[in-house]
Ligand code: NAP
């Protein structure tokens with residue numbers, strides 16, 4: 052079982068009461084160990100006694116660290132004085148369970164002698180402090196990482212091996228997992244930075260000794276450290292184990308994605324042994340191919356599926372095509388997928404990879420149900436889709452396949468025409484053809500002789516989106532002709548009530564927020580992720 056360890060920085064002995072309070076809170080949050088980072092406290096004359104007091108009064112077993120500047124710490128002591136203090140802490144009456152020393156500092160015989168004496172049991176009942184030897188690289192993966200791992204494993208003085216380096220890609224986590232899986236002694240292998248979250252959450256899957264987590268937002272001691280609450284409540288750290296299946300959302304940027312919250316909650320409700328992570332992958336195809344290929348091919352990882360979002364929806368199709376996987380016909384025709392299912396050993400027909408697009412059926416289901424309440428059948432309805440980007444493609448394609456006549460209304464006329472041409476004229480299940488035409492936003496304006504009104508309008512631009520290009524804008528013309536029979540749907544889901552929806556509601560339309568489509572496409576994904584094949 053992997054522990055959650057909360058690091059607590061103690062700059063001076065005056066901070067000891069606060070540090071102990073934080074340690075108590077850490078225990079409530081589910082931590083089983085605290086790391087007292089005593090870089091600042093180390094400069095005080097009676098530092099060893101102060102650290103002993105911390106350890107004695109701590110409600111959780113303690114790991115004590117006095118980090119040198121070379122490895123990301125702030126300890127101002129000269130090196131020999133720092134090492135002498137560490138040895139004194141280990142020899143003290145209230146010695147910590149674990150003491151962290153940089154592996155690089157262990158090289159001189161003098162240091163090894165000093166520590167060896169401090170760490171030797173004094174009698175048969177003595178449980179001496181154990182040594183965590185650590186390697187940190189805040190820039191990249193150390194080029195001699197494996198050599199150092201081997202040397203640390205061979206060194207009898209070292210009880211726990213600790214490695215932490217800045218991940219330059221999601222792929223770096225996989226090497227951390229391989230190190231854990233082939234360990235010969237307790238090991239901590241963590242990747243720092245935004246790409247490294249996976250190594251922190253999945254430590255229990257690979258038998259990592261512990262993972263670090265902060266007790267509150269902004270109190271972490273390394274880049275990318277999650278909070279203990281996130282680890283336990285969002286990622287269900289306590290139930291991650293060797294058989295846990297791994298899923299994630301692949302996109303760029305991805306920090307604000309709501310998918311991890313949604314899918315992890317669904318796994319919890321269903322008692323499904325899975326965990327879902329944000330997987331940032333930069334925009335280029337090469338990044339996508341290399342990262343997804345590594346995840347899918349890593350046998351120990353049990354990578355079982357992904358939600359794929361901007362800018363990788365076309366890349367997912369290409370990836371699955373190149374790997375000889377299965378893509379359903381509608382998704383292949385659409386040219387963009389948002390869901391990948393990976394069967395660890397293949398389905399009965401031998402397929403490992405399956406890609407589909409759940410945006411299409413989600414938009415169709417929601418609009419069909421809303422139109423039904425107005426006595427209008429989706430088959431034969433006229434629907435305006437505003438925008439001609441990725442979401443507009445899925446919405447227009449799905450509605451056209453369901454039998455609606457779709458008008459693609461876009462700022463750039465040329466893109467509207469391209470999309471309409473791409474989606475128009477496909478043979479549907481009943482033998483009829485899809486009908487998609489290009490238009491402009493003027494087509495929504497009321498005209499005295501208007502005959503071709505729209506039964507529904509779906510907004511597929513980022514207008515009105517919080518943090519988007521124009522949060523206060525709505526693409527609906529002021530004189531748009533709507534009635535209480537018109538169904539209006541936004542795909543923007545933050546905020547819930549966009550300027551577009553407000554304007555449409557004021558004109559009497561039945562309004563549906565973007566949350567509905569987000570939730571439905573995610574529900575469809577979740578069912579595919581948890582399906583037993
Ligand atoms: P996209 O591919 O970049 O396309 C954006 C479209 O919006 C383009 O047609 C663009 O027109 C148009 N547009 C952008 N700025 C505009 C402006 N100022 N005035 C008028 N038109 C403008 O984006 P996307 O992937 O389709 O995503 C669109 C939105 O869908 C996102 O912002 C997001 O909020 C929402 N979304 C919702 C869900 C869901 O499940 N509910 C899922 C994904 C995305 P031009 O062609 O003229 O550039």
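In my numbering, the protein residues as written are 52 to 584. No residue lacks a Cβ here, since even glycine has one placed at the ideal position from N, Cα and C.
Between the CA atoms of residue j and residue i - distance to the nearest angstrom
i           : j           : result
residue 565 : residue 285 : 23 Å
residue 406 : residue 226 : 27 Å
residue 396 : residue 460 : 45 Å
residue 229 : residue 319 : 27 Å
residue 123 : residue 116 : 12 Å
residue 128 : residue 138 : 14 Å
residue 217 : residue 549 : 39 Å
residue 235 : residue 257 : 13 Å
residue 247 : residue 512 : 32 Å
residue 233 : residue 101 : 38 Å
residue 409 : residue 576 : 7 Å
residue 448 : residue 560 : 23 Å
residue 291 : residue 535 : 50 Å
residue 515 : residue 546 : 8 Å
residue 341 : residue 130 : 42 Å
residue 529 : residue 551 : 10 Å
residue 411 : residue 568 : 10 Å
residue 380 : residue 562 : 31 Å
residue 90  : residue 302 : 38 Å
residue 82  : residue 517 : 35 Å
residue 429 : residue 482 : 17 Å
residue 558 : residue 423 : 20 Å
residue 294 : residue 531 : 55 Å
residue 509 : residue 85  : 52 Å
residue 231 : residue 200 : 10 Å
residue 452 : residue 519 : 30 Å
residue 327 : residue 583 : 18 Å
Three-state class that DSSP yields for residue i in the structure shown
i           : result
residue 325 : strand
residue 266 : coil
residue 482 : coil
residue 496 : strand
residue 75  : helix
residue 412 : helix
residue 390 : strand
residue 510 : strand
residue 397 : coil
residue 110 : coil
residue 330 : strand
residue 97  : coil
residue 505 : coil
For residue i, the nearest candidate out of the options (CA to CA)
i           : options               : result
residue 271 : 68, 88 and 538        : 88
residue 252 : 171, 325, 347 and 551 : 325
residue 283 : 260, 65, 299 and 265  : 265
residue 94  : 240, 84, 132 and 60   : 132
residue 125 : 267, 102, 182 and 60  : 60
residue 288 : 104, 300 and 254      : 254
residue 436 : 466, 423, 262 and 426 : 466
residue 442 : 544, 480 and 297      : 544
residue 92  : 62, 111, 489 and 515  : 62
residue 274 : 208, 415, 188 and 315 : 188
residue 203 : 221, 222, 75 and 183  : 183
residue 504 : 431, 474 and 483      : 431
residue 425 : 507, 170 and 276      : 507
residue 333 : 356, 313, 259 and 361 : 361
residue 103 : 64, 134 and 69        : 64
residue 384 : 163, 583, 494 and 485 : 485
residue 359 : 312, 322, 108 and 305 : 305
residue 99  : 66, 143 and 67        : 143
Chain D within 8 Å of residue i, Cβ atoms only
i           : result
residue 310 : The structure shown contains no chain D, having only a single protein chain.
Residues near residue i in its chain [Cβ-Cβ closer than 6 Å; skip 5 each side]
i           : result
residue 336 : 366
residue 78  : 110 and 111
residue 554 : 525 and 527
residue 585 : Outside the displayed span of the chain (52 to 584) sits residue 585, for which this structure offers no information.
residue 224 : 242, 249 and 250
residue 106 : 113, 145 and 147
Same chain, Cβ closer than 7 Å to residue i, neighbours up to 5 away in sequence not counted
i           : result
residue 354 : 297, 346, 347 and 393
residue 521 : 514
residue 476 : 484 and 485
residue 52  : 255
residue 363 : 301, 302, 332 and 339
Distance cut-off 7 Å: residue i Cβ against heavy atoms of the ligand SAH
i           : result
residue 577 : You won't find the ligand SAH in this model; what it holds is the ligand NAP.
8 Å CB neighbourhood of residue i in its chain, flanking five on each side removed
i           : result
residue 377 : 371, 402, 404, 405 and 406
Below 6 Å from a heavy atom of the ligand NAP - residues by beta-carbon: 361, 438, 439, 440, 441, 442, 443, 461, 462, 463, 466, 511, 512, 513, 514, 516, 519, 520, 521, 526, 542, 543, 544, 565, 568, 569 and 572
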